[in-house]
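S.K.: Numbering (the numbering used here), first residue to last: 132 to 475.
Ideal Cβ positions, reconstructed from N, Cα and C, are used throughout, including at glycine.
Structure below; questions to follow.
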C-alpha cells in the first residue's frame, strides 16, 4: 500500500513537469509564429522540419532531468517521511529522519518530526511507568487489607489483636483513598481546559489555616513553627494553592526530627511573591533532589508507608499550571528549603 502511494506521487509529479514542458513548447511556437506573421523574424517555425522533433526531444530530456533532480530534492524526503509515519503508527518510537536535507523546509520538518517522536516516546515511557507504579501502590495496601481481614475471620482472635487488625485495615484504606484522590487531582490538572478562577485573598492566612489542619501530625512530633509572614495579598487560584502548602508543609513535618522547628517566610517585590518553607531535619542528597517531583518517587524508603510519592508531583503540576515555580535547596542531615515563587 505504501509503495502504491509513492508511485502515484512520482507519477503526479512527472505529469506536472512534462505537462509544463509541453505547454512551454506550444507557447514557444505560438510566439514564434506571431513574430513571423508580423515579419519580425524571417524563419517560419513550421517550415523548419527538424525544429519540432528536436525541441520535443530536448524538452523531454530537460523534463526528465528536472523530474529526477527535483524528485530527489523534494519527493524522496516526503517518501521517507511517509515511511517514518507508517512506522510510528505501528508503535516504533525509535524511528528518526535524517536532518541532513538540502531544503531548509525539509530540514525543519525532519527536526520537528524527530522532536515529536522523542516526546511521544517519553510520554509512552512515562505512561508505562505510571501504570506499573499505580499497580504496585494499589497492590500493597490491598494485599495488606486482605491479610488482616483473613486474620479477623479467626474466631479465636482476642480483642487486642482484633482492634490492631481493624486499625491496620483502616490505615490501608485511608492510604488507598489518599492515593486515589491524588491521582485524580493529577489527572484533572492534565485535562483541565477551562480558564482557572482567580480571587484576591490573604496568602499568610491561608498558610496558617493549612498548618492548623495539619495539627495532629506536627503535634505528634512536638514541632514548632517560626513565622516570618507579613500580611500578604495575592490574586491567584485559592484552592490549588492550598494543596501546594499542605503537601510541602506535610513533607517538612515528615522529615523533621522530634522537637524540631519549621520556618516559614514570605518575601515580596513588585512582580512576585516568594514563600520559603524550611525544615532542619533529614535533608536529601543531590540524587534525590533530581527526582523528588517525579510521580511515585520516594527518596527515603523508611517513609514509604507514610506517603505515595505523589504530593510533590502534584505541587509541581499545580505551580506549572499557574505559571509559578518551586526551588529546592537541601543537604543530608541539615534539612531542606522549598521556595515557591508566584506571580502577583
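Fully enclosed by the stretch 326 to 373, which beta strand (DSSP E) runs are 3 residues long or longer?
M.R.: If we require 3 residues or more, the beta strand (DSSP E) runs fully inside the stretch 326 to 373 come out as 330 to 333, 355 to 359 and 364 to 367.
S.K.: DSSP on residue 433, reduced to helix/strand/coil?
M.R.: Residue confidence for residue 433 is low, a pLDDT of 46 falling below 50, so the modelled location carries little weight; the figure read from the coordinates is stated next. Looking at residue 433 - three-state DSSP - the assignment turns out to be helix.
S.K.: Kindly identify the DSSP beta-bridge partner or partners of residue 396.
M.R.: Paired residue(s): 359 and 407.
S.K.: Does DSSP classify residue 285 as helix, strand or coil?
M.R.: DSSP places residue 285 in coil when its eight states are reduced to three.
S.K.: Assign residue 433 to buried or exposed, taking buried as 16 or more other Cβ atoms, counted over all protein chains shown, within 10 Å of its Cβ.
M.R.: For residue 433, the predicted model reports a pLDDT of 46, less than 50, meaning its position is unreliable and no value from the coordinates is stated.
S.K.: Does the beta-carbon of residue 455 have 16 or more other beta-carbons within 10 angstroms, so that it is buried, or is it exposed?
M.R.: Buried: at least 16 other Cβ atoms inside 10 Å.
S.K.: Who are the near neighbours of residue 504 in its chain, counting only those whose CB is closer than 6 Å to its CB and skipping five residues on each side?
M.R.: This structure cannot speak to residue 504, because the chain is shown only from 132 to 475.
S.K.: What span of residues does the alpha helix (DSSP H) with residue 458 cover, start to end?
M.R.: Where residue 458 is concerned, there is no enclosing alpha helix (DSSP H), although the beta strand (DSSP E) it sits in stretches over 456 to 462.
S.K.: Could you spell out where the alpha helix (DSSP H) holding residue 564 opens and where it closes?
M.R.: Since the first residue of the chain shown is 132 and the last is 475, residue 564 is not available in this structure.
S.K.: Spatial neighbours of residue 218 within its chain, please: C-beta separation below 7 Å, excluding the five flanking residues on both sides.
M.R.: The answer, listed in chain order, is 226.
S.K.: DSSP three-state label for residue 415, please.
M.R.: Looking at residue 415 - three-state DSSP - the assignment turns out to be coil, as it is neither helix nor strand.
S.K.: Report the three-state DSSP secondary structure of residue 302 (helix, strand or coil).
M.R.: The answer is helix: DSSP assigns residue 302 an H, G or I state.
S.K.: Can we say the stretch 459 to 468 touches the stretch 401 to 419, given the rule of at least three CB pairs closer than 8 Å?
M.R.: Yes, since at least three Cβ pairs between the stretch 459 to 468 and the stretch 401 to 419 fall closer than 8 Å, the two stretches touch.
S.K.: Got a sec: is the Cβ-Cβ distance from residue 289 to anything in chain C below 8 Å?
M.R.: Protein chains in the displayed structure number just one, and chain C is not present.
S.K.: Would you kindly work out how many angstroms separate the C-alpha atoms of residue 349 and residue 397, rounded to a whole number?
M.R.: If I take the Cα positions, the gap works out to 21 Å.
S.K.: According to the neighbour-count rule (16 or more other Cβ atoms, all chains shown, within 10 Å of its Cβ), is residue 246 buried or exposed?
M.R.: Exposed: under 16 other Cβ atoms inside 10 Å.
S.K.: Quick one: what's got a C-beta closer than 8 Å to residue 356's C-beta in the same chain, skipping five residues either side?
M.R.: Closer than 8 Å at Cβ, skipping near neighbours: 342, 349, 392, 393, 394 and 395.
S.K.: Let me know if residue 422 comes out buried or exposed under the rule of 16 or more other beta-carbons within 10 Å of its beta-carbon.
M.R.: By the neighbour-count rule (16 or more Cβ atoms within 10 Å), residue 422 is not buried but exposed.
S.K.: Note down the Cα distance separating residue 300 from residue 389, rounded to an integer number of angstroms.
M.R.: Each residue's alpha carbon lies about 27 Å from the other.
S.K.: Does residue 296 pass the burial test, meaning 16 or more other C-beta atoms within 10 Å, or should it be called exposed?
M.R.: Buried, since its Cβ has 16 or more Cβ neighbours within 10 Å.
S.K.: With a threshold of 7 Å, establish whether the CB of residue 331 neighbours any heavy atom of the ligand NAD.
M.R.: In the structure shown, the ligand NAD is absent, as is every other ligand, since no ligand is present at all.
S.K.: Give me, in chain order, the residues of the same chain whose beta-carbon lies closer than 6 Å to that of residue 324; leave out the 5 immediate sequence neighbours on both sides.
M.R.: Legend: pLDDT at residue 324 = 46, less than 50; position of this residue unreliable, value from coordinates given subsequently. Counting only Cβ-Cβ distances below 6 Å, and skipping sequence neighbours, we find nothing.
S.K.: Provide the residue span of the alpha helix (DSSP H) that contains residue 209, from first to last.
M.R.: 207 to 220 is the span of the alpha helix (DSSP H), which, as asked, contains residue 209.
S.K.: Quick one: residues in its chain with C-beta nearer than 7 Å to the C-beta of residue 238, no 5 flanking neighbours on either side, listed in chain order?
M.R.: Correct list, in chain order: 230 and 232.
S.K.: Could you give the distance in angstroms between the alpha-carbon of residue 363 and the alpha-carbon of residue 214?
M.R.: Straight-line Cα distance between these residues: approximately 58 Å.
S.K.: Where residue 400 and residue 365 are concerned, what is the direct C-alpha to C-alpha distance, given to the nearest angstrom?
M.R.: Rounded to the nearest angstrom, the two C-alpha atoms are 12 Å apart.
S.K.: Going by beta-carbon coordinates alone, are residue 95 and residue 335 separated by less than 8 Å?
M.R.: Since the displayed the chain opens at 132 and closes at 475, residue 95 lies outside it and no answer follows.
S.K.: In chain order, what residues of the same chain lie with their CB nearer than 6 Å to the CB of residue 460, ignoring the 5 residues before and after it?
M.R.: Once the five neighbours on either side are set aside, the close Cβ partners of residue 460 are 468.
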